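Residue numbers (the working numbering), protein chains in the order written: chain A, 1 to 573; chain B, 1001 to 1573.
All residues carry an ideal CB built from backbone N, CA and C; glycine is no exception.
Predicted model only: the values in this text are computed from it and were never measured.
The block underneath contains the structure these notes are about, expressed in structure tokens.
Protein chains: 2
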Amino acid sequence: MTSKKLQKLIRVARGEIPADLVLKGGQVVNVFSSTLQKTDVAVSGGRIAGLGSYLGRETIDCRGLFISPGFIDGHMHIESSLLTPANLAPVLLPSGTTSLVADPHEMANVKGLEGIRFMLQNSAGLPLEIFFMAPSCVPATPLETSGAILEAKDLRSLLRRQRILGLGEMMNFPGVLAKNREVLGKISAFRKKIKDGHAPLLSGKDLCAYVSTGIGSDHECTRISEAREKLDLGMRVMIRQGSQARNLKDLLPLVTPSNSRRLLFVSDDMHPEDLMEKGHLNSVIKEAVAQGLDPITALQMVTLNPAEYFGLSHLGAVAPGYQADLVVLKNLSSIEVKAVLKKGKKIAEKGLLTEKITPPGRRPSLSSMNIKGLHPDRFKIPLHGRRQAKVIQLIPDQILTHTRVCRVQGKSGGLHLDPGQDLSLVASVERHHGTGNIGLGLVSGLGLRRGALASSVAHDSHNIIVVGRDAEEMYLAVKTVEAMKGGLVVVTRGRVRARLPLPVAGLMSDHSAEEVRAEKKTLEKALLNSGCSHKHPFMILSFLALPVIPELRITDRGLVDVDHFQIVPLFEN
Amino acid sequence: MTSKKLQKLIRVARGEIPADLVLKGGQVVNVFSSTLQKTDVAVSGGRIAGLGSYLGRETIDCRGLFISPGFIDGHMHIESSLLTPANLAPVLLPSGTTSLVADPHEMANVKGLEGIRFMLQNSAGLPLEIFFMAPSCVPATPLETSGAILEAKDLRSLLRRQRILGLGEMMNFPGVLAKNREVLGKISAFRKKIKDGHAPLLSGKDLCAYVSTGIGSDHECTRISEAREKLDLGMRVMIRQGSQARNLKDLLPLVTPSNSRRLLFVSDDMHPEDLMEKGHLNSVIKEAVAQGLDPITALQMVTLNPAEYFGLSHLGAVAPGYQADLVVLKNLSSIEVKAVLKKGKKIAEKGLLTEKITPPGRRPSLSSMNIKGLHPDRFKIPLHGRRQAKVIQLIPDQILTHTRVCRVQGKSGGLHLDPGQDLSLVASVERHHGTGNIGLGLVSGLGLRRGALASSVAHDSHNIIVVGRDAEEMYLAVKTVEAMKGGLVVVTRGRVRARLPLPVAGLMSDHSAEEVRAEKKTLEKALLNSGCSHKHPFMILSFLALPVIPELRITDRGLVDVDHFQIVPLFEN
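Printed below as a string of structure tokens:
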């Protein structure tokens, strides 16, 4: 703070002049001493001036209520919400989340530094304070064509940006262990900054090696023993509770008063409808408390703990000098949010925004749609006679896949799919550089009987992924995605039945959360009427091209055998 | 770390190449999970590479022993030890202290920025890692002549120094509350850095105001209620246990598993003989454990907790990537230190240094002795007849003083001291700028029957303080201090009986700890044979000129009424 701001804050704190706002008579959640304190909270110039008995030009009656620091999500991919930062803010703020640390990994894979700058611009000055980690793994692998490549020298250019706190989750733990030059260069460039980790099941000496580089967190733990080992080695364990990956129940027994300072709750990836219907960190705290965690400990895990880890010394507590990001709660069991204040201004009440959020800067336009050589024939697999083919076999309720070898046969027009068979064509269409790359394969377990589904959300390179039973329909689906500059589309019986445009890098909508939810509902309705029996086919699609999760994947360069980390032919010899 | 260093660390961590050193079979104090872990500790290039089973080119057998992170003293004035940083290191290292955060407040009051630079130079590259806080209150008051004045603009020049972590204890809390421009300028200059506090008994709204400026710690708490209030407001409470001020017993009941992360043990001021005979933080932990504190919690309070507060992310834990500052302990009850490693090298064993410490740079010479107009007559108080005089009345076992009004009488040669009266002359002789200032007063309660004592250690301006019954002897004492370029001296019966030279700014010896202890012993012996009945007269002397502690003090400008913060005449009207 400048001297002038300090002066005013001191005057308010001492009671020499009235506060801008006083929250009267509530119980403050004291995250330092893990206690509740009945006291007024005086706010001035966006900061907390004092706790005690205060007069203010405005007051909020908090009798019978609890006052918590604003919630901080320490690890979130905004892109998974399909919303731009500016459109996400109105969804998160009423739930009590006032800050988050985002890893714009998806955006960076599509648009590189330009994409990161967009995320910074689109979140500048929002009442939801968004910090970023510089994506460490763009692209995730050399087995796919991503929109951008970020090398250590590119990331270095982000070091001095105020809202970039460090290096994003280092998913390439094999690269770390192999002492890959580029990987170590990135870690070394961020040696004075926070470095997030991502190392599922890594253990023992390999985990030691990974941690020795200064990587300070992990949000991939699924078992207590794994979490305990990582905690013991000094990692902040981020207990993830997102839309899909939900580790709270399994990891909660780990938490004790003696170790909780090193633990956080994070969401990682959240679907927009979950955020709107269930909430965000508020619902995680509620679940944790329902499962027996002390509410103050739970609140520390989304306030003081992330603030300490990320060095956000102005956030995470209700105390003099801290930014007045406050959540007024009806109780500490259901964590019902009554009101939310950001920098001392009421921004939400009873689940509704009380102030309009003006998106910063220009309307988002960040197209990445450069497809060449598209033709229905490109989705046909040439085949004469019978052959053994490798099929991506989905596993129910998992994103892991198996490799199944299946006898297929050719007819006129190439490979022919038997109507009774749960087998579809799958293709990954390169969309960033007009390479004309299309990788072709087969997938089983999706329950698609007819039609085609296409999406520009396909981790991590976000080429267009399309599944279908018919080359013409697949072509139509991809052409529709292209025309929308990205998005999701359902085609059945030769016609587009529903679409969800995602024109911002092919990842995010430029519509509000309400609109996106409505569009998603329409899409789901069309899915019900389509020939697909799978509950969340687009979620499955989004992972089919991710060549770091075993066992068989498809990228624009072809089928990937993940275990051997190489492109393999579709047909067996 | 650079990529190259990372590479090697990874290789060692993975067991691909042997470690430099392995501590085998000990129990590691895990400060993250508050547990003990039986495991080897592999060290490479001064860092911890891994925990697990390792081979090393060297090993240390730690079976039956405990391995703690090196201790960090979060607040210490090196000058109180009378030793230079380079001479303090051999004393602290065998006790387990491997790092400390020093506030060179005394040095700065004498020599300003030059003094701070000296402290930086004299501690550069030592195996005892010394960080500094920029002294915030130089001078402490305008009622005395200090050697230097440090304004906000001067302190700003220190901001980019790597080992300067923030702003030193802001003792001028009245200045903060009064919104003093210079004070707020200093705080504002260090807004992105740590700011230490010092606010004894400050409470309520004034404490809120003080804390609202971002001041993050306090080491002046004497009562639980005071400590709790400060903790609740977000301050790190540093429980001080020094040579004189000892708050451990009173504050220990505050510590719980739910709040201990915000608590530290610090020493503040330690006499050299205490450090040599009792130890440093090791003895504080021992005491705390003896009083019932969990040993792991106690160890966290001198390892992870200070490291977190000061943002020293490479220190404070035994985990991969952390600096290998390790203390091998025989047990967790008496905290008996078996061996100490700094950056992976054994530096001490069984209380003795195992490697010679080479003092960095040139031999210390930092004289500050510029006295003008000295003459025996200047120590005489002109008085004819009888008058009422203000006398500094000492209070047993306290550094507070009272104002006592006393009838005195003049003879030829001025004020005459009755032989039966416990009354001495006291003078503060300006020594920095040759102003010729000498402040004169009277002190009672020292039990001085004859002779004179003089010292160049006199908080905070460190002018020469001298007490005596006779002007000639006082003159001799001051002249002797001047000739030594600083130090302590005992004069009786017209002769110098003992002296302890402190030529480094008049504050520190350039001798080793052993030599200083011997010199101090000689001094104490001379004191026993002198006419002084007080146990620690030099300690009392050192506070007589400190015009921020009530009630009556003496500076080179005269008698100071601390409560009214002004110079007052010796005689009543």
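With 16 other CB atoms within 10 Å as the buried threshold, where does residue i fall?
i, result
"T358/A", "exposed"
"L1281/B", "buried"
"L352/A", "exposed"
"P582/A", "In the structure as shown, chain A begins at 1 and stops at 573. Residue 582/A is therefore absent and cannot be evaluated."
"H1105/B", "buried"
"V405/A", "exposed"
"K1390/B", "buried"
"K525/A", "exposed"
"A1227/B", "buried"
"G64/A", "exposed"
"R1181/B", "exposed"
"L1167/B", "buried"
"H1384/B", "exposed"
"L1538/B", "Note on identity: in this sequence residue 1538/B is Phe, with Leu being the wrong assignment. The residue is buried, with at least 16 neighbouring Cβ atoms inside 10 Å."
"F1565/B", "exposed"
"L9/A", "buried"
"S1283/B", "buried"
"N87/A", "buried"
"K342/A", "buried"
"G214/A", "buried"
Anything in chain A within Cβ reach of residue i, meaning under 8 Å, just list it in chain order.
i, result
"G1361/B", "Neighbours of G1361/B on chain A: none; closest Cβ ~27 Å, over 8 Å."
"K1179/B", "L6, Q7, I10 and R11"
"E1308/B", "E308"
"G1056/B", "Near G1056/B there are no residues of chain A at all, since even the closest Cβ is about 14 Å away, more than 8 Å."
"T1213/B", "M1, L6, L9, I10 and G321"
Bridge partners for residue i per DSSP, in chain order?
i, result
"F71/A", "T97/A"
"V1560/B", "R1553/B and I1567/B"
"G1056/B", "A1019/B"
"S444/A", "Q393/A and L423/A"
"E1349/B", "A1339/B and L1352/B"
"S44/A", "R47/A"
"L1326/B", "P1069/B and L1341/B"
"M1238/B", "L1264/B"
"F32/A", "Paired residues: none, contrary to the question."
"D1218/B", "V1237/B"
Please list the partners that residue i has in chain A, where partner means a Cβ-to-Cβ separation under 7 Å.
i, result
"K1205/B", "A13, R14, G15, G50 and G52"
"I1187/B", "L6"
"R1191/B", "M1"
Our contact map puts residue i next to residue j with C-beta atoms below 8 Å; I'd like the distance itself, whole angstroms only.
i, j, result
"H433/A", "T141/A", "With 8 Å as the limit, H433/A and T141/A do not qualify as a contact, their Cβ atoms being about 17 Å apart."
"A1042/B", "V1012/B", "6 Å"
"L1329/B", "A1317/B", "Not a contact, Cβ separation roughly 15 Å."
"A545/A", "I438/A", "Wrong, their Cβ atoms sit about 12 Å apart, outside the cutoff."
"D1232/B", "F32/A", "6 Å"
"A579/A", "D377/A", "Lying before the first or after the last residue shown, residue 579/A is absent from chain A, which here runs from 1 to 573."
"G1506/B", "S1368/B", "6 Å"
"P94/A", "A348/A", "4 Å"
Give me the chain B residues within the contact set of residue i, using Cβ-Cβ distance strictly less than 7 Å, ordered along the chain.
i, result
"R574/A", "Lying outside 1 to 573, the shown extent of chain A, residue 574/A is not represented and no answer is given."
"Q244/A", "Simply none; closest approach about 29 Å."
"M171/A", "Near M171/A there are no residues of chain B at all, since even the closest Cβ is about 17 Å away, more than 7 Å."
"L184/A", "S1003, L1006 and Q1007"
"L252/A", "Going along chain B, no residue has its Cβ under 7 Å from L252/A, so there is no contact; the nearest lies around 16 Å."
"D232/A", "N1030, F1032, S1033 and Q1037"
Mind pulling the chain A residues with CB within less than 9 Å of residue i?
i, result
"T1098/B", "In chain order: nothing, as chain A lies at least about 18 Å away."
Using the beta-carbon of each residue, which ones in chain C are nearer than 8 Å to residue i?
i, result
"P1018/B", "This model lacks chain C altogether, as its protein chains are A and B."
How would you list, in chain order, the residues of chain B whose beta-carbon sits under 8 Å from the beta-carbon of residue i?
i, result
"V176/A", "I1010"
>> Report the start-end ranges of each alpha helix (DSSP H) in the segment 1295-1319 of chain B that is 4 residues or longer and not cut off at the edges.
In response: Runs found: 1295-1300 and 1304-1310.
> If you scan the segment 242-281 of chain A from start to end, which runs of the beta strand (DSSP E) of 3 or more residues do you find wholly inside it?
Replying inline: If only uninterrupted beta strand (DSSP E) runs of at least 3 residues are considered, those enclosed by the segment 242-281 of chain A are 263-266.
>> I'd like the ranges of any beta strand (DSSP E) spanning at least 3 consecutive residues and lying wholly in the segment 1150-1201 of chain B.
In response: Unbroken beta strand (DSSP E) runs of no fewer than 3 residues, entirely contained in the segment 1150-1201 of chain B, are found at 1164-1170 and 1194-1197, following chain order.
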